[in-house]
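Engineer:
There are 2 protein chains.
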Amino acid sequence: MLRRFKKGQYILNEGEFCRYNNFVLQGAFRMFIVDENFKEHNLQFAFNNWWIGDPKSFFNDVTTRLNIQCFENAEVLSVTKANQEKMLESCPELNSLFREKFRNSMIRSYDRILSLIGSNAQSRYKDFLETYPQYLHRLPNQYIASYIGVTPEFFSKLKKEYWQQSKAS
Amino acid sequence: MLRRFKKGQYILNEGEFCRYNNFVLQGAFRMFIVDENFKEHNLQFAFNNWWIGDPKSFFNDVTTRLNIQCFENAEVLSVTKANQEKMLESCPELNSLFREKFRNSMIRSYDRILSLIGSNAQSRYKDFLETYPQYLHRLPNQYIASYIGVTPEFFSKLKKEYWQQSKAS
DNA sequence: TGCCCTTCTTAACCTACTTCAAGGTACTGA
DNA sequence: TCAGTACCTTGAAGTAGGTTAAGAAGGGCA
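So the protein lines, in turn, are chains B and W. The numbering of the first sequence is the numbering used here, which starts it at 1 and goes up by one. The numbering of the second sequence is the numbering used here, which starts it at 1001 and goes up by one.
(1) Which parts of the region 1080-1119 of chain W are runs of the alpha helix (DSSP H), unbroken and 4 residues or longer, counting only runs that do not cross its ends?
(2) Residues of the region 1079-1113 of chain W with a CB closer than 7 Å to any CB of chain B: list them in chain order, please.
(3) Any beta carbon of chain W sitting closer than 9 Å to that of aspartate 35 of chain B?
(4) Let me make sure I understand the geometry here. Which of W:Phe1038, W:Gly1027, W:Gly1118, W:Ala1074 has the alpha-carbon closest to that of leucine 1066 of chain W?
(5) Which bits of chain B does proline 1055 of chain W rub up against, with CB to CB less than 8 Å?
(6) So which residues of chain B does leucine 1043 of chain W contact, with C-beta pairs closer than 8 Å?
(7) Cβ of isoleucine 113 of chain B versus every heavy atom of the ligand SAM: is any distance shorter than 8 Å?
(8) Ends of the beta strand (DSSP E) at tyrosine 170 of chain B?
(9) If you follow the alpha helix (DSSP H) that asparagine 1141 of chain W is part of, which residue opens it and which one closes it?
(10) For glutamate 1153 of chain W, name the three-state secondary structure that DSSP assigns.
(11) Kindly indicate which residue of W:Thr1064, W:Arg1124, W:Ser1109, W:Pro1140 has the alpha-carbon position closest to the one of glutamate 1014 of chain W.
(12) Using DSSP with H/G/I as helix, E/B as strand and the rest coil, what is arginine 19 of chain B?
(13) What separation, rounded to the nearest whole angstrom, lies between the Cα atoms of lysine 81 of chain B and lysine 1006 of chain W?
(14) Mapping the DSSP letters down to three states, classify phenylalanine 32 of chain B as helix, strand or coil.
(15) Expressed to the nearest angstrom, what Euclidean distance is found between the alpha-carbon atoms of tyrosine 20 of chain B and lysine 1157 of chain W?
(16) Find out if the Cβ-Cβ distance for the pair isoleucine 1117 of chain W, glycine 8 of chain B is shorter than 9 Å.
(17) So what does asparagine 1067 of chain W bridge to, in DSSP terms?
(18) What residues in its chain sit with their C-beta under 7 Å from that of threonine 131 of chain B, if we drop five residues either side in the sequence?
(19) Between the Cα of glutamate 1016 of chain W and those of W:Ile1107, W:Gly1053, W:Phe1102, spot the shortest distance and give me the residue it belongs to.
(20) Report the neighbours of glutamine 59 of chain B on chain W: residues whose CB is nearer than 8 Å to its CB, in chain order.
(21) Taking C-beta pairs closer than 7 Å, name the residues in chain W that glycine 8 of chain B reaches, listed in chain order.
(22) Measuring alpha carbon to alpha carbon, tell me which residue in B:Asn83, B:Ile113, B:Phe59 is nearest leucine 43 of chain B.
(23) Would leucine 139 of chain B be called buried (16 or more neighbouring beta carbons within 10 Å of its own) or exposed?
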């Protein structure tokens, strides 16, 4: 099912059931959680050819704690759970495709946990620069700040420090 | 392939290739990373009926950054990548089993990232108590501290604070 | 029983990061 | 062209959590 979204629109809100797994054809999305102090924390972004959705809510039929918002006008292919099961029945080869998809997400998540637990903000910033250089210009600073787990104010300082160091060396 | 390990033994060291995916029949393992200050950070534990290994190294044939150590005498079933592929060929139904396994790991990793990014040490401690009550007595405090991302010293304070609060209410 | 070794706790001090407040910059649209 | 609004930066002051150092409390083993 093809769906279009405008910048600013939400395709998932906390408390809802995540009924669609979405393949992004065009545009950009962010997935975030709102904490008890009403601060937003970006968990993931999605650009062209990425999937986005809350797997926990989608597969386990529970309500989601996450929000997904479009931040560049977008076109996505949305698949329901029933759809997906039918696809798998009629085409068992997809099993291994989905298996790899989950495996890769899992590996990326592990790396993320490693960097959150094992390094400070400065090196998380460096990691981000190295891992996602192609998306930098499409992401507002505040989104990156939230992704690496710092405030926009502190992110500003990180950037300054980073560029001064790389200039010096 | 059945393998036995004694408390303290390593089954994977940073820099090696992870050649086995291990299903724990008995005993306990921890997987951790060592940071640039030689501090250890526990990423995961594994008890009876859990799988443990570094999926990134195992599947992508790269060296690992992780260490896996046995901390209760253990018995595991170890599967190589070739084994696993043979199993999948001869029994395609396993595809969906593995798919679900990865999916669940992914969901758990997401929850972990959420709690690292979106909440403070006190509530991460509470989350841990609620999520893994059955393993508390098998885990030294320092391992839990490292898992939730604090020092043993600060963990001590967290515990004290937590029990004082729950006594008061 | 007593000793060593590891784990846990406490307290004083330190630092990475946050909060708050203010001002600057740059799109966007009438 | 200008105003409005979102975004970014800077600095001062505050706080969660880290570091260091020391003592207390187990637990295996001679």
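Don't be surprised by glycine CBs; every beta carbon is placed ideally from N, CA and C.
Structural biologist: To lay it out plainly:
(1) List check, alpha helix (DSSP H) in window: 1081-1090, 1094-1118.
(2) Under the 7 Å Cβ criterion, the region 1079-1113 of chain W contributes Pro1092, Asn1095, Ser1096, Phe1098, Arg1099, Phe1102, Arg1103, Ser1105, Met1106, Ile1107, Ser1109, Tyr1110, Arg1112, Ile1113.
(3) Yes, contact with chain W.
(4) Selected option, being the one with the closest Cα: W:Phe1038.
(5) The answer, in chain order, is Arg103, Met106, Ile107, Tyr110.
(6) Scanning chain B for C-beta atoms nearer than 8 Å to the C-beta of leucine 1043 of chain W yields Tyr110, Ile113, Leu114, Ile117, reported in chain order.
(7) Within the structure as shown, the ligand SAM is missing, as the structure has no ligands at all.
(8) Any property of residue 170 of chain B remains undetermined from this structure, which presents chain B solely from 1 to 169.
(9) Annotation: the continuous alpha helix (DSSP H) that includes asparagine 1141 of chain W extends over 1141-1148.
(10) Glutamate 1153 of chain W falls in the helix class under three-state DSSP.
(11) Out of W:Thr1064, W:Arg1124, W:Ser1109, W:Pro1140, W:Thr1064 has the C-alpha closest to the C-alpha of glutamate 1014 of chain W.
(12) Correct three-state label for arginine 19 of chain B: coil.
(13) Straight-line spacing of the CA atoms in lysine 81 of chain B and lysine 1006 of chain W works out to 44 Å.
(14) DSSP, reduced to helix, strand and coil, places phenylalanine 32 of chain B within a strand of the structure shown.
(15) In this model, tyrosine 20 of chain B and lysine 1157 of chain W are separated by some 43 Å (Cα to Cα).
(16) In this structure, isoleucine 1117 of chain W keeps its C-beta atom at 9 Å or more from the C-beta atom of glycine 8 of chain B.
(17) Its beta-bridge partners are W:Phe1032.
(18) Excluding positions up to five away in sequence, the list is empty.
(19) It is W:Gly1053 whose Cα lies nearest to the Cα of glutamate 1016 of chain W.
(20) With the sequence shown as reference, residue 59 of chain B is identified as phenylalanine, and glutamine is not the correct amino acid for it. The answer, in chain order, is Arg1103, Ile1107.
(21) Within 7 Å Cβ-Cβ: nothing; glycine 8 of chain B doesn't reach chain W, min ~23 Å.
(22) It is B:Ile113 whose Cα lies nearest to the Cα of leucine 43 of chain B.
(23) Flag for leucine 139 of chain B reads buried.
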